[in-house]
Amino acid sequence: AFDADGFALADIAVADGKISSIAAHRQSNTPAGALDLGGRIVMPCFIDCHTHIDKGHIWPRKPNPNGTFMGALNATGADRVARWSAEDVARRMDFSLRCAYAHGTRALRTHLDSVAPQEEISWPVFETVREKWRDRIELQAACLLGIEGVRDKKWFESLA
6 AFDADGFALA DIAVADGKIS SIAAHRQSNT PAGALDLGGR IVMPCFIDCH
56 THIDKGHIWP RKPNPNGTFM GALNATGADR VARWSAEDVA RRMDFSLRCA
106 YAHGTRALRT HLDSVAPQEE ISWPVFETVR EKWRDRIELQ AACLLGIEGV
156 RDKKWFESLA
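For what it's worth, the numbering used here labels the leading residue of the sequence shown as 6, then goes sequentially.
In structure tokens, the structure reads:
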């Protein structure tokens with residue numbers, strides 16, 4: 006059976022915290038204590054597909070006083086120049102991932118500031134963090150840079 010959007014309706018049994026069986030909707034015996042999720046989409050975990058774990062947790066030291074996008078860009082840029090060492094980026098990435106994991110995230114895509122010279126710090130840190138978290142959160146990163154970064158072909162290709 007399918008819902009109005011074309012999603013398959015299924016009965017999912019869970020035993021000891023793991024999926025023990027999946028059957029066509031209403032084709033299995035309903036156990037005591039079953040939850041009817043009303044046709045909702047079920048995923049095994051949260052997937053956060055747009056994050057910025059290299060930019061998180063800077064508010065106490067560099068707030069965005071007007072709450073605008075431009076204010077965020079200015080605050081982040083100033084903080085990056087002043088404080089974004091490998092140790093600082095690693096600490097903030099790790100805190101972001103500990104929070105995400107504690108709340109059920111198991112896959113996360115982040116955009117990393119890739120303006121020179123930050124890319125030489127953030128990308129190696131990301132690789133280390135990804136290895137550390139590989140059994141808990143699947144991590145993916147994407148370059149975040151202005152279009153002007155494409156002009157320097159050698160530098161741009163080094164990001165790939």
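In this text, a Cβ means the ideal position worked out from N, Cα and C, and glycines have one as well.
Check whether residue i and residue j have beta carbons under 9 Å apart
i      : j      : result
Arg66  : Asp41  : no
Asp59  : Val130 : yes
Ala112 : Leu144 : yes
Ala87  : Asn69  : no
Gly109 : Phe161 : no
Same chain only: Cβ atoms within 8 Å of residue i, ignoring 5 sequence neighbours per side
i      : result
Ile24  : Ile17, Ala18 and Pro49
Ala147 : Arg114, Thr115, His116 and Leu117
Pro122 : none
Buried or exposed by the 16-neighbour rule on C-beta atoms within 10 Å, applied to residue i
i      : result
Asp21  : exposed
Leu156 : Sequence inspection shows Arg at residue 156; the Leu mentioned does not correspond to that position. Arg156 should be labelled exposed.
Glu124 : buried
Ser90  : exposed
Thr73  : exposed
Ala39  : exposed
Ile142 : buried
Ala6   : exposed
Option in the options with minimal Cα separation from residue i
i      : options                         : result
Phe100 : Asp140, His62 and Leu149        : His62
Ile46  : Arg97, Ala15 and Asn34          : Ala15
Arg97  : Gly38, Trp64, Ser119 and Phe74  : Trp64
Thr133 : Gly151, Asn34 and Glu92         : Glu92
Ala9   : Ile27, Asp140, Gly43 and Ala105 : Gly43
CA-to-CA distance, residue j to residue i, given in whole angstroms
i      : j      : result
Val94  : Ser127 : 7 Å
His55  : Leu149 : 12 Å
Pro36  : Ala29  : 15 Å
Val120 : Ala165 : 14 Å
Ser163 : Lys137 : 24 Å
Arg31  : Ala77  : 50 Å
Gly151 : Ala13  : 42 Å
Neighbourhood of residue i by C-beta distance below 6 Å, restricted to the same chain and skipping five residues each side
i      : result
Arg103 : none
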